[in-house]
Structures are given as structure tokens and as C-alpha cells.
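Colleague: This note's numbering applies: residue 648 is where the sequence shown begins, and numbers increase by one.
Glycine included, C-beta positions come from ideal geometry on N, C-alpha and C.
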Amino acid sequence: MPGNGASAVHTGQTLQAAQTFFDQLNRDYVAVHKRKEDLFWATYMATSEDHEGFGRAETDYKAFISDPEKLSATRAHLAAVESAAASAGKGSIPVGVDAGAAADARQALAHGLRGWLGVFEANIVDNDEGRRLMAELIEAERVLFAKRKDFAPTHVNDRGDTEAATLTMLSTNAATNPDESRRRSSYEALHGLERWVLENGFLEIVALRNRLARALGFPDYFEMKLRKNERMTKAELFGVLDDFVARTASAQQRAHDALVAKHGPDALQPWNLRFHSAGDVTRRMDPYMPFGPALRRWVRSFRRLGIQYRGATMRLDLLQRPGKYQNGFCHGPLPTWSGLASAVKLISPACHRPCSSNHVGSGARAMMTLFHEGGHAAHFANVTQNSPCFSQEFAPTSMAYAETQSMFCDSLLGDADWLKRYARTVDGQAIPDELIHDRIASAQPMRAFDERAIAVVPYFEAALYAMADEDRTPESVLALARTMERRIQGVDRAPRPILAIPHLLNQESAASYQGYLLAHMAVYQTRAFFLRRDGYLTDNAAIGPALAQAYWAPGNSLSHDATLRRLTGEGFSARYLAEACDETVEQAWAKARDLLEASERRGERTDDGPPLDAHVRVVHGAELLADNGDGGAAAEQAMFDRFEQWIGAHYGAPPSPTAAAAAH
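1) Less than 8 Å separating the beta-carbons of Phe687 and His1026?
2) Out of Arg753, Thr721, Ser828 and Leu981, which has the shortest C-alpha to C-alpha gap to Glu684?
3) Using CA atoms only, rank isn't needed, just tell me which of Leu672, Phe1176, Tyr1183 and Gly1216 is closest to Ala1239.
4) Hey, could you find the ends of the beta strand (DSSP E) Ala749 is sitting in?
5) Nearest to His613 by alpha carbon, out of Arg761, His1150, Val803 and Val766?
6) With the cut-off set at 8 Å, would you say Gly1276 and Gln955 are in Cβ contact?
7) Given this structure, state the Cα-to-Cα distance separating Asp1057 from Met1015, to the nearest angstrom.
8) Leaving aside the five residues before and after Arg761 along the sequence, list all residues of the same chain whose C-beta is less than 7 Å from its C-beta, in chain order.
9) Once the 5 residues before and after Leu840 are set aside, which same chain residues still bring their CB inside 6 Å of it?
10) Would you decide whether Gly939 is buried or exposed? Buried here means 16 or more other CB atoms lie within 10 Å of its CB.
11) Identify whether Val1103 lies in helix, strand or coil by the three-state DSSP scheme.
12) What are the start and end residues of the beta strand (DSSP E) that includes Met961?
13) Quick check: the Cα distance between Ser828 and Asn919, rounded to an integer number of angstroms?
14) Report buried or exposed for Val1170, applying the criterion of at least 16 other Cβ atoms within 10 angstroms of its Cβ.
15) In three-state terms, what does DSSP make of Leu780?
16) For a quick check, are the C-beta atoms of Thr823 and Arg930 less than 8 Å apart?
17) What first and last residue would you give for the beta strand (DSSP E) that runs through Ala908?
18) Please classify Phe798 as buried or exposed, where buried requires at least 16 neighbouring CB atoms within 10 angstroms.
19) Within 10 angstroms of the Cβ of Arg842, are there 16 or more other Cβ atoms? Answer buried if so, exposed if not.
20) Taking DSSP as the reference, what is the three-state secondary structure of Ala997?
21) Give me, in chain order, the residues of the same chain whose beta-carbon lies closer than 8 Å to that of Leu1214; leave out the 5 immediate sequence neighbours on both sides.
22) Roughly how many angstroms separate the alpha carbons of Gly1299 and Tyr935, rounded to a whole number?
23) Can you give me the start and stop residues for the alpha helix (DSSP H) that Glu810 sits inside?
24) Count the C-beta pairs between the region 1108-1127 and the region 955-973 that are closer than 8 Å, then say yes if the count reaches three, no if not.
25) Please work out which residues of its chain come closer than 6 Å, Cβ to Cβ, to Thr598, disregarding the five sequence neighbours upstream and downstream, and give them in chain order.
26) For the candidate residues Tyr691, Ala914, Leu1152 and Ala757, whose alpha-carbon lies nearest to that of Gly1137?
27) When the Cα atoms are used, what is the spatial distance from Phe1041 to Asp890?
28) Can you say whether Lys794 is buried or exposed, counting buried as having 16 or more other CB atoms within 10 angstroms of its CB?
29) Quick test of your reading: Met1045 and Asn876, contact by CB under 8 Å. State the CB separation rounded to the nearest angstrom.
30) If you check the beta carbons only, do Gln1317 and Thr815 fall under 8 Å apart?
31) Apply the 10 Å Cβ neighbour rule to Ala990 and answer buried if 16 or more other Cβ atoms are within range, or exposed otherwise.
32) Rounded C-beta distance between Ile852 and Ala787? I'm assuming under 8 Å.
33) Between which two residues does the beta strand (DSSP E) harbouring Arg1133 extend?
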């Protein structure tokens, strides 16, 4: 009789062994992941100097996800589960077992094991030489990071004072300071950081990365990361990038020609280009994007989009301090999965000081950080798979897939109807239409340049890792950077020197920057879908649930392309972003007017929608500034008030529109 023989008993034992292995794998991974992430947070936030402890935790984590024995065991258990499924089809089911439930359990187990197979295959280091090089690489990066924390570039701010500056402060000063010599001081500091990086171990790290890649059977590190993270070859990637660069060349040249015609040939100097294209508008917009209300506006906007966090705890560390990592990030020490009650998400935007007369643009940057990193957190909090392997951010999770979620959210900040509704002074004055127009007039001509400023990084990194070790000197690498800037960005020196980009220094983000551009392409494809279907994005309560179902729930169990097809009905396309870059100011303003008119006809929502379903803690290092308590309306309002009061007490009130205009 079916199910009564030794075969059925053996099948049951096989499945139980596989389930036990799978459950233990999940628990063990969470432990090693959390230990690494807790130390990552503490050292990157400058609340701990335990860099050696973090290095050990990083080594343990890498050893876990690259363990050949775990890979072999996963393959064996998966094969056994698939064999059991085949046997079940022939009647080998134990007596008393519901066939449908048994099939569902086998399918879920096989799904989870396939997820782990993807992790191990993407990270496997299956020989002693590779493991030795990985350990050496982790140590070299630890040393460089510790040294970088102690290196403080200086520039001259708009008060004329020389001060130590973060990357954000340097970029903001170079884009907004009315004094050219002071803008130039910020660029020179960025360029000095390039030289510092090249003289403090980066080139040795590049060589180590290449040796690791070759030990694992790849020609170089760039090719290895591309294949593992995006499942693309160099030919496939540069086929997409070359096409995009060709499509946007004329738009970029138009912008450069217009700047030179208006401001003279020096307009294209790296310390002038951003100022002449946006400095005035950035300063004029400052009063409408104050730092203090940024938290309130982010929560309100996300609630109205229907975005939920499924009980997650979010720790937001928004303020500059010495030693803190200078680039925003979102990390989760407890990856979301069905075996865990809630997720914990840590968002650490590296915003510089809050908005004041001395730091133009910091409020807008705070909003950008909250929307971007908050988008990451929403994504990872909404993964609904049966293992943490599907909701961790590293390979095989595609960087382009992950960045699509965050960049879609931050793209809303540039929409005319969002600005009209949310960009207000502290006393409630809405941003005028004239300023929205002027923002478009300054930003739209630079759209192609801005996207190509992302594209230049993979062109540079691909060439960097293809160089022979003996040819890779500080001088040759600097020359390569300038060559790529001329080729892709059309200027002798770009406003943001390539080697000042922190992503190049860290193993997780190195050779991955193309993910941002691929993501932006997917963002505009996603925006086009919602605009076709619903006609608007701002406060569209259907967006959150749609993203959660199509993009977020699968985690890395589906490819980036597959998630796009689930929502939009079409595969990955660069067309929508290229078309947006190629629009004239007049075309972009006409679309903005349509959005404003449609928003006025709809009117503002009378409610803010359901709560975020998140415990939000706003911190400054070890200090708790505010939190939303039980998540109720009163506690949420108290959090907003406490945060704004703290900002006001420590940094003063933001300028009025009149003062901002007078400052320029």
C-alpha cells in the first residue's frame, strides 16, 4: 500500500533531516549576521573603536557565506527534497499525512534551500588560497577604514573660516558658496582625498581583490562582482551603458554649451559647474526644506503612500559628528523572515549639520536621506520569505534591485506636486510656482550629466581592475580617472572626483556602482507605470501595497527583471530614463504644470492614512533624541515636536525666504 513501506519511512526521515538542517542554517546565519551588523553600526557611527572586533565578525560572516561544506550540504539536502517530491508523485506518502500540506511543506523547504544555494554559490571561496586572500583583504580594508576616520579634509566655508569638513559639507559648499575661492577650496579638498586614498593602501587593496577574483576563477574583481551581484557580463553591462551614454550625449553637450554661453568658459571648472547650474536655486529653496520638519514630512508622506514597516524598529542617526562614516546607509542586523516576529532596521544617514544660515541644503539632504534609506528599510522590512537569506542585502541580492526601491522613493522629492504640498517654511508658506519652475530650469539641463556622473564610475572601475599591477600607480590611476571624466562627463575634471567616492573603498560596494544607474532606469520605468495607471504619485495610497506585493515580498528569490515584470508587465528598459534626461526645460515644466493642476483638482487628503507600523528611534550616537513610543498619534506628534525642539535648540532657526534671497 502507498505510504506504508520502508520507502515512505526513509522519505520522512530525509525530509526531517533537511528541515532540521534548514532551520539550523537560518538560526546560525542570523547570529553571525547580527554580530557583524551590530559592530558595523558601532564602528561606523563612531560609538565604538572596536575595529578589530568588527574585523573578526566580518571574517566570521564571510567564512559562513563562503563555506564549501555548507554549500555541499545544501546541495545534498535540496536534491533529497526534490527526490522526495518526485517519490510523492508516485504514491510514497506516509499514512495519515495530508498530501496537500505535505506538498506545500516540501515546496517551502525546497524554496528556502534554493535561496541558501544562491547565497553560497554567489559567495563561495572554495580553496585555501582564496580563503587566505579574503582574510588578508578584510584586514587591509579594516586598516584603511581606521586611517580614513582620522583623516579630516579642510576647506573654507561661506563665513570665511577654515574648518574640517565631511564629504557632504565639501560637496554642498562647492555647489552653493557664492565665493569662488571658497568653492575651490572644497574641490581641492576632495582632490586631496583622492591622493590620500592612493597613498594609503587602496592600490594594494585593488591588487588583493584581483588576486582573490583570479583564485576563484574570474579574470578580475570587477567581472566577479558584476556576475555575482547583477548576474551580468561586462559585455551585457557596457552594452546597456554605451547605449545610454550615446542617447544622452547631445543633452549633456547642450547643458555645457548653455553654461559656457551664460557664465564663460570657467563655468565648467569643477568648483563652478554645480554652483552655476544650481547654487542659486539651492539657496532659495533652503527655507522651504528646513531640517527640523524633515522627520515629520517623511513620515506623513510615506503614510499617505500606504508604506508599512510590519513592526520594524528603525534607528535614525541623522547628525554629523567626528569619526562618523560620511555616507548614508541602511543596514539590518536582523533580516526579515517568517521565522522572526519583527525586523530591526538601522538607518544611518550621514547628513551634515542641520539647516542654518551657514549650511545651505542640509534640510533637503535630510529629506533625501530619509526617503532613500527609508525606502531601503521599507523594502527589507516587507520581505515575506521563509529564510533570512532572501532579505539580506548582499549577493545574490542585486544592488540594482535594492536601489530601485530606495531611489523610487527619493525620486518623489523632485515632483512638482510633492514640492507644492510638502516644501514649506516653518511658518507654513508653500513653495511658489516660480521657484518650482526655476528649480526645473536649473536641474533639467543637468539631468544627463547627473546620470552620466554615475555611469563614469563603472567605466573607471572596469578599467582600473583590468590594469596590470605594475601599471597601477597613483599617477596612472589619477590619469585614468581624469580620462574617464572627460570621456563620460565631458569636462576635464568632474565636480566630484571619482576616487573621493567612498563606495570604491569598501569590499561590499566596490565594483557595484553601476547598480545605481541600472536602478534609476528601473525607477523611471516604475514611475511611468504608476503614472499611466493612476495619473499621479504624490500621496497615492496604492503605491505602497503595490510595491510590497510585486517588488518587496519576494526578496532576492526573484531576479530584478522578474520583479519589474510582476508590476509593470515589461522587462528592464533604459528608455524611460533616457527620455527624461532628453527633455527640454519647457517640456519638463509643462509636465510639472499638469501635475500641479491635477493635484489641485484632487485636493489634499483629509487623513494621513494608517501608521507606519514601526518603532522609530531618532538618535545622535548613544543619545536618544526622540521616539514614537507606542506608535499612536499622540506619541508620533510628540516625537516630531521633540526632534524639532532639539534641532532648534542646538542649531537655531532656519532662514526666511527673504533672508535666503538676500544671502545670494
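Modeller: Here's the rundown:
1) no
2) Leu981
3) Tyr1183
4) No beta strand (DSSP E) contains Ala749, which is instead part of the alpha helix (DSSP H) from Ala746 to Asn770.
5) Given that the chain is displayed from residue 648 to residue 1311, the structure contains no residue 613 and the question cannot be resolved.
6) no
7) Going from the Cα of Asp1057 to the Cα of Met1015 covers about 6 Å.
8) Leu725
9) Pro800 and Ala1147
10) Its Cβ being crowded by 16 or more others within 10 Å, Gly939 is buried.
11) helix
12) Ala959 to Asp964
13) 10 Å
14) buried
15) Leu780: helix per DSSP, three-state reduction.
16) Yes, these two residues count as a Cβ contact at 8 Å.
17) Counting along the chain, Ala908 falls outside any beta strand (DSSP E), though it belongs to the alpha helix (DSSP H) covering Lys881 to His910.
18) exposed
19) exposed
20) Note that Ala997 has pLDDT 37, beneath the 50 cutoff, so the model's placement of it is unreliable and no number is given.
21) Only Thr1173, Phe1176, Ala1193, Leu1194, Ala1197 and Tyr1198 meet the Cβ criterion.
22) 16 Å
23) Secondary structure note for Glu810: it is in no alpha helix (DSSP H), and the uninterrupted beta strand (DSSP E) holding it is Thr809 to Ala811.
24) no
25) Given that the chain is displayed from residue 648 to residue 1311, the structure contains no residue 598 and the question cannot be resolved.
26) It is Ala914 whose Cα lies nearest to the Cα of Gly1137.
27) 28 Å
28) exposed
29) The question names Met, yet the displayed sequence has Ser at residue 1045. Right, the Cβ-Cβ distance comes to about 6 Å (below 8 Å), so this counts as a contact.
30) The first residue shown for the chain is 648 and the last is 1311, placing residue 1317 beyond what the model contains.
31) With a pLDDT of 49 at Ala990, under the threshold of 50, the predicted position of this residue should be treated as unreliable, though the coordinate-derived value follows. By the 10 Å Cβ count, Ala990 comes out buried.
32) 5 Å
33) No beta strand (DSSP E) contains Arg1133, which DSSP labels as neither H nor E.
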